[in-house]
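Enquirer: These protein sequence lines map, in sequence, to chains A and B.
Residue numbers for the first sequence, in the numbering used here: -8 to 220.
Residue numbers for the second sequence, in the numbering used here: 7 to 874.
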Amino acid sequence: MTSVLIVDDERQLRRALSLNFAARGFEVFESATGEAAIAEVANEHPDLILLDLGLPGMDGVSVIEAMRGWTSTPIIVLTVRDDEQSKVQALDAGADDYLTKPFGMAELVARVRAILRRASSGSTELPEVVTADFRLDLVGNRAFVGGEQVETRLTPTEWAIVRHLVRNPQRLITYRQLITAVWGPSYDPDQNLLRVHMGHIRRKLEPDHARPAYFITDSGVGYRFQPGS
Amino acid sequence: MNRGSLRIYLGASPGVGKTYRMLNEGVRRAERGTDVVVGVVETHGRARTAEQIGDLEVMPMKAVAYRGTVLKEMDVAAIIARRPEVVLVDEYAHTNAPGSANEKRWQDVEQLLEAGIEVISTLNIQHLESLNDVISRITGTQQRETVPDAIVRRADQLELVDMSPEAIRRRMAHGNIYPAERVDAALANYFRPGNLSALRELALLWLADRVEESLTSYLDAHGISAAWETRERVVVGLTGFVGGEALIRRAARMAGRVSGELIGVHVAVDDGLAQDDAQALAAQRKLVQELGGTVHDVVGHDTAEALAAFAIREKATQLVLGASRRSRWHEIVHGSFVTRVTRLAAQIDVHIIAQTDDTSAPGRAGPLRAPSYDPRRVVAGVVLTVVGLPGFIAATLPLRETVDLSTLLLLALVIVLAIAVLGGRIVGAVAAVFASLLVNWFEVRPYYTLTIAEGENLLSLVVFVVVAATVGTLVDVVSRRSLEARRSRLEAEALTRSATSLAVEPEPVARLVEQLASTFDLGGVLLSTGAAGQQASIAAVGEIDKVPTATLALPTSELASELTGEETRTLQVFGRTLSSDDLRLLRVLADQLALALDNQRLKAEAGAAAALADVDAVRIALLRAVSHDLRTPVASIKAMISGLRDPTVPWTPGQLAEAHVTIEEETDRLNRLIGNLLDASRLQIGALAIHFGSAGVADVAAAALHSLNVAADAVTLAIPADLPPAWCDPALLERSLANVVSNALRYTPLDVPVRLEASVVGTSIHIRVIDRGAGIAAEKRAKVIAPFQRLGDQTTTDGVGLGLAITQGFVEAMHGTIRLDDTPGGGLTVTITLPTAPAPEQALEELAGEAADADAAPAAPAAREEVS
């Protein structure tokens, strides 16, 4: 049975989530504080963690930082905070995704399933990615749009960006994570540069680059590859 | 038989350790072989006190039957029969049970003393009759057991058992004084730090008086009239002259530094001549009284003698006099006043304080009366020329045959130089020529002609004119230079003063205008802004209703004109006409004034900006808190409902029921929060309807607890049955209590109940909600009560941290107060203070008054507006 740890200081929200996950056949653990959550993860090894950022005492981002030292258990951050900064901090610290409260259960469950699928599939060394509008040959570094016929050329930087995004389908990649993956940790390019590259990629691969369907922007946070739109 | 001696340990408040000290002394004396017994001791269940009794023999108490109960009282007869040397009798002010031989315990003690037994007793200051009403006013507790002061004063020894208020409260909090369950109430009522300090001070003062009393009687009995330095007494002579205030203030500071007494004395000389300035004297008397001193009047032939006699009689330790204003000549003839006083009052320290004229007092500007050339001196020079030179000729006429001409000319030179010094170089030169002509006419042969017979005489006359003119010019130049130097110095002083004001004073503009007036000795100065005809005054001194003698436009800096637009500022001076030198200086000072004005305006702008920033910070905090607190319940509801709507999920009936409960609870919570937000808005815009009435605190508290739906054992109620009703809006009080209690429940540990208690202090009711949670640090308390402020933005309270803020709003709207304190031993104690309801007649009157108001106003709503 898949197990999920719910970390939130709001008793009512914990109850709402645990009822929902229990009804869907998950095994549910609960913690009210960050310290308790870390102990719970060490003892129960849940498959997934739902973590509220605004916790009393040890704050959510600190919890992620503390856990990422020794476990790669996927973490979905739940937050009521509107400021992008805390989401980015959480994601940069190693969270896998986030949802802003209030959210629908359907969306949360979809995110949970996507992350669990990704985690269980292990290696993400895909040979190719196929969508309704384009096909990417990740081995031969070739991209085709419009029914396999037209090959479009991507620059090496664009390939590096695309490769990182499609290997983490549906997962939100922050600007910093993307920059680190493409240019390395010590390089500090302007986010505008990333935006320009992203524009080129969309022009080349998206059917309507003004309204992207595959390479989605999460405003102020990062990008996400949505394979089956 | 000799009367026994009485020793009383006096305490400022219960719990300072009187009984302990009494027993301690008993034990020590018993160890030294004295026969000591305990007549009566009240340990109040204090373990350390009980321990102290040790091996002392405790006399059995006498049982007195009273209305079916048996009370125990000290058995005086048994003690007298036992004949100990010393008996310890606790609680000197105790009232004996009805039916005892004596009504009061101090009467029992009298009997013991009469029997020749030494008594050691204890007494609290609040039992002293003379202090009874003042103490009941301070503490709000009426003390029924009192002892006449005279009886206590007759005690052979009084010893104060002193302890600082903080130490008492600490002992109290540790449970050394009262059992734990009474500690909170005691600390919040009688043992408030303010109360304890006041009681302590009263005790010390009372004892100090008594010490003085015995000192006086000792001095009288032993015929000692020399000053006895117990408490410093500072005597200051009131001069009745302008400037004496500084002397008085100085003396008051000297007295204050040593907690001494200030005594002002005015010596009226009975020679029938009123020489004193009555107005100044009245002001000085008032000042002495304001500074806490007393004023005495003495009449005598000789001021020094009268003053010294008074100081000795008053046992002064210090005598403060102003330095002599009399001329040195007066001093030589009449002897120095100060010297005489010092000699007459040989044992008293005499302080001579430098007298400062008000006009030259530090920080005040001396007038810069232009020391330009005085026309009166020119006139004097001319007069001396016209009168002095002919007079000189007349005086020397008989000598013209015998005295050499050069000698005569040297004598004339002296006069001419004097004229030059007085009248300046022109008058000096004219005088030189005039003198040479006079000498020529009258004293050079041939006489009465301008002809000169001898060449030598001609040379002498020419040299005379040259020397007289040259020296006269030099003298004149020197005196002009020195005048200029003086003027420059005064100008520099004026500029320094103005610059200092600019740098030091928080509001320099008014000060600078004042300084302008005094520097130039002006009748009035007006600083105004705006165009002519529609000026608005910024600052003004003196009389400004006449025609101005000078008008200056202040320069406007770029920065200032940016802030204020094109604005002209004008400085007008009235009274004296200013010389060109004065105007030059005035212009410089006006520039500084403009600078001060600009600074003032910039500071105001900066202050307004900072205030706006604060408002912004509060708004941001509010937004965050509201978004957190509103969205959290919405998140639960949405998660629950969206989960329920998923047709694929197999919900069990139990899960479904729980889901519905969650949704309902979260909806209630949201509703409460919205209610709180609405209350807060109503409070902020002042739209809260309040309906005063008399309310029983117990009823209101029960209703509040019911509305909170808390478990019965979560809150302990301790409300006395005889508590008078409070004057408040019962509905608002209920909501306030509910807020405070729910806040306390949130923080207190689960197994420790929150305590809700009430008591009456004077004419107010104190309701305390005591939790044993983490408490709130003193510096954060104001923040807790400020609306929309929470400790951090992460706690999971429902109410945007509004609970206590709204409560404060409610309580203050009901003319009450709310205070946060530490619970001794950890936690927070919230005290709500409300007035007690007026007595029924009074309430009826007020109701009648309100009815009259209601008649005048449009129909008052019958029921209170629903706020939630």
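Glycine residues also receive a C-beta, built at the ideal position from the N, C-alpha and C atoms.
Bear in mind the structure is a predicted one, so any value in this text is a computation, not a measurement.
Which residues in the same chain have their Cβ closer than 6 Å to the Cβ of Asn463/B, if we skip the five residues on either side of it in sequence?
Expert: For the purposes of this step, residue 463/B is identified with residue 457 of the second sequence, where counting begins at 1. Only Leu411 and Val450 meet the Cβ criterion.
Enquirer: Excluding the 5 residues preceding and the 5 following Gln690/B in the sequence, name in chain order all residues of the same chain whose CB lies nearer than 7 Å to its CB.
Expert: The count along the second sequence starts at 1 and reaches residue 690/B at position 684. Closer than 7 Å at Cβ, skipping near neighbours: no residue.
Enquirer: Excluding the 5 residues flanking Val766/B on each side, which residues of the same chain have their C-beta closer than 7 Å to its C-beta?
Expert: Position 760 of the second sequence, counted from the start, is the residue given in the question as residue 766/B. These residues qualify, in order along the chain: Leu729, Pro730 and Thr842.
Enquirer: May I have the straight-line CA-CA distance separating Val54/A from Val130/A, to the nearest angstrom?
Expert: Numbered from its first residue, the first sequence carries residue 54/A at position 63. Numbered from its first residue, the first sequence carries residue 130/A at position 139. CA-to-CA, the gap between Val54/A and Val130/A works out to about 38 Å.
Enquirer: Counting pairs of Cβ atoms below 8 Å between the segment 252 to 269 of chain B and the segment 349 to 359 of chain B, do you hit three or more?
Expert: yes
Enquirer: So Gln661/B contacts chain A; which residues on that side make the cut at Cβ distance below 8 Å?
Expert: Here the question's residue 661/B lines up with position 655 in the second sequence. The answer, in chain order, is Leu10, Ala13 and Ala14.
Enquirer: Taking the beta strand (DSSP E) that Asp828/B belongs to, which residues open and close that run?
Expert: To locate residue 828/B, count along the second sequence from 1; it is residue 822. Segment Thr823 to Asp828, the beta strand (DSSP E) holding Asp828/B.
Enquirer: So, is the C-beta of Ala720/B closer than 9 Å to a C-beta in chain A?
Expert: Translated into the one-based positions of the second sequence, residue 720/B becomes position 714. Chain A contact via Cβ: absent.
Enquirer: Sorted by chain position, which residues of the same chain lie with C-beta nearer than 6 Å to Gln578/B's C-beta, five sequence neighbours on each side aside?
Expert: Within the second sequence, the letter at position 572 stands for residue 578/B. For Gln578/B, where only same-chain residues beyond five positions count, the Cβ hits under 6 Å are Leu532, Pro554 and Thr557.
Enquirer: Pull up the distance between the alpha-carbon of Ala505/B and that of Gln598/B, whole angstroms please.
Expert: For the purposes of this step, residue 505/B is identified with residue 499 of the second sequence, where counting begins at 1. For the purposes of this step, residue 598/B is identified with residue 592 of the second sequence, where counting begins at 1. Spanning the two alpha carbons is a distance of roughly 7 Å.
Enquirer: Count the other C-beta atoms from every protein chain shown that fall within 10 angstroms of the C-beta of Gln521/B, then say buried if there are 16 or more, exposed otherwise.
Expert: Position 515 of the second sequence holds residue 521/B. Classification for Gln521/B: buried.
Enquirer: Please report the straight-line C-alpha distance between Thr455/B and Leu467/B, rounded to a whole angstrom.
Expert: In the second sequence, residue 455/B corresponds to position 449, counting from 1. In the second sequence, residue 467/B corresponds to position 461, counting from 1. Those two C-alpha atoms are separated by around 14 Å.
Enquirer: Are the C-beta of Phe135/A and some C-beta of chain C separated by less than 9 Å?
Expert: Judged by its chain identifiers, the structure shown contains no chain C, and its protein chains are A and B.
Enquirer: To which residues does DSSP link Pro841/B through a beta bridge?
Expert: Mapped onto the second sequence, residue 841/B falls at position 835. Ser770/B.
Enquirer: In this structure, does DSSP put Met(-8)/A in helix, strand or coil?
Expert: Your numbering for residue -8/A matches position 1 in the first sequence. Three-state DSSP puts Met(-8)/A in coil, outside helix and strand.
Enquirer: In or out: Pro755/B buried (at least 16 other Cβ within 10 Å) or exposed?
Expert: Sequence index remark: in the second sequence, residue 755/B carries index 749 (1-based). Counting Cβ neighbours within 10 Å, Pro755/B comes out exposed, since fewer than 16 surround it.
Enquirer: Got a sec, what are the start and stop residues for the alpha helix (DSSP H) Asp155/B sits in?
Expert: What you label residue 155/B is simply residue 149 of the second sequence in a count that begins at 1. Note, Asp155/B: alpha helix (DSSP H), Asp155 to Arg159.
Enquirer: Report the rounded CA-to-CA distance for Asp303/B versus Val271/B, giving the unit in angstroms.
Expert: The count along the second sequence starts at 1 and reaches residue 303/B at position 297. The count along the second sequence starts at 1 and reaches residue 271/B at position 265. Those two C-alpha atoms are separated by around 6 Å.
Enquirer: To the nearest angstrom, report how far apart Val703/B and Val42/B are at their CA atoms.
Expert: If you number the second sequence from 1, residue 703/B lands on position 697. If you number the second sequence from 1, residue 42/B lands on position 36. Rounded to whole angstroms, Val703/B to Val42/B spans 51 Å at the Cα level.
Enquirer: Taking CB distances under 9 Å as the criterion, tell me whether Gly805/B reaches chain A.
Expert: Here residue 805/B refers to the residue found at position 799 of the second sequence. Interpretation of Gly805/B is limited by its pLDDT of 44, a score under 50 that renders its predicted location unreliable; the figure taken from the coordinates is listed afterwards. No, Gly805/B lies away from the interface with chain A (no Cβ there is under 9 Å from its Cβ).
Enquirer: Select from Arg487/B, Phe526/B, Asn715/B and Val158/B the residue whose C-alpha is nearest the C-alpha of Leu16/B.
Expert: Here residue 16/B is taken as the residue at index 10 of the second sequence, counted from 1. The shortest C-alpha separation from Leu16/B is found at Val158/B.
Enquirer: With 9 Å as the threshold, decide whether the Cβ of Glu1/A is near any Cβ in chain B.
Expert: Residue mapping note: residue 1/A aligns to position 10 of the first sequence, counting from 1. By this cut-off, Glu1/A is an interface position.
Enquirer: Tell me whether the beta-carbon of Leu618/B lies closer than 9 Å to the beta-carbon of Arg582/B.
Expert: Position 612 of the second sequence, counting from 1, holds the residue named residue 618/B. Position 576 of the second sequence, counting from 1, holds the residue named residue 582/B. No, these two residues do not count as a Cβ contact at 9 Å.
Enquirer: Please determine, among Ser223/B, Val264/B and Gln285/B, the residue with the shortest C-alpha to C-alpha distance to Leu251/B.
Expert: Here residue 251/B refers to the residue found at position 245 of the second sequence. Before going on, a small fix: residue 251/B reads as Glu here, not Leu. Out of Ser223/B, Val264/B and Gln285/B, Gln285/B has the C-alpha closest to the C-alpha of Glu251/B.
Enquirer: Return the Cβ separation of Ala99/B and His50/B in integer angstroms, given the expectation that the two are a contact with Cβ distance under 8 Å.
Expert: By one-based count along the second sequence, residue 99/B stands at place 93. By one-based count along the second sequence, residue 50/B stands at place 44. Incorrect: roughly 15 Å between the Cβ atoms, too far for contact.
Enquirer: Since Gln117/B is in the alpha helix (DSSP H), which residue starts that stretch and which ends it?
Expert: Counting from 1 along the second sequence, the entry for residue 117/B is found at position 111. Taken as a continuous stretch (DSSP letters only), the alpha helix (DSSP H) holding Gln117/B covers Arg111 to Glu120.
Enquirer: Suppose contacts are defined by Cβ-Cβ distances below 9 Å. Is Gly95/A in contact with Arg59/A by that definition?
Expert: Here the question's residue 95/A lines up with position 104 in the first sequence. Here the question's residue 59/A lines up with position 68 in the first sequence. It is not a contact, given that the beta carbons lie outside the stated cut-off.
Enquirer: Pull up the DSSP beta-bridge partners for Thr70/A, would you.
Expert: Within the first sequence, the letter at position 79 stands for residue 70/A. Thr70/A pairs with Thr91/A.
Enquirer: What's the C-alpha gap between Arg879/B and Ala623/B?
Expert: One cannot answer for residue 879/B here, as it falls past the ends of chain B, which runs 7 to 874.
Enquirer: If we require 4 or more residues per run, which alpha helix (DSSP H) segments fall completely within the segment 716 to 767 of chain B?
Expert: 736 to 753
Enquirer: Determine the direct distance from the alpha carbon of Asn195/B to that of Val189/B, and round the result to whole angstroms.
Expert: Reading the second sequence from its first residue, position 183 is the one you call residue 189/B. Reading the second sequence from its first residue, position 189 is the one you call residue 195/B. Distance between the alpha carbons of Val189/B and Asn195/B is about 10 Å.
Enquirer: So if I threshold CB-CB distances at 9 Å, which residues from the segment 637 to 651 of chain B count as touching chain A?
Expert: Arg637, Thr638, Pro639, Val640, Ala641, Ser642, Ile643, Lys644, Ala645, Met646, Ile647, Ser648, Gly649, Leu650 and Arg651
Enquirer: Determine contact between the segment 776 to 785 of chain B and the segment 812 to 830 of chain B, defined as no fewer than three beta-carbon pairs at a distance below 8 Å.
Expert: As far as the Cβ criterion goes, the segment 776 to 785 of chain B touches the segment 812 to 830 of chain B, which means the pair count is three or higher.
Enquirer: Are the Cβ atoms of Glu740/B and Ala709/B separated by less than 9 Å?
Expert: Residue 740/B sits at position 734 when you count from the first residue of the second sequence. Residue 709/B sits at position 703 when you count from the first residue of the second sequence. Result yes, Cβ atoms of Glu740/B and Ala709/B sit closer than 9 Å.
Enquirer: For Cys734/B versus Met646/B, is the C-beta distance shorter than 9 Å?
Expert: In the second sequence, the residue the question calls residue 734/B occupies position 728. In the second sequence, the residue the question calls residue 646/B occupies position 640. No, the Cβ-Cβ distance between Cys734/B and Met646/B is not below 9 Å.
Enquirer: Can you list, in chain order, the residues of its chain whose CB lies under 6 Å from that of Asn8/B, leaving out five sequence neighbours each side?
Expert: Within the second sequence, the letter at position 2 stands for residue 8/B. Closer than 6 Å at Cβ, skipping near neighbours: Gly122.
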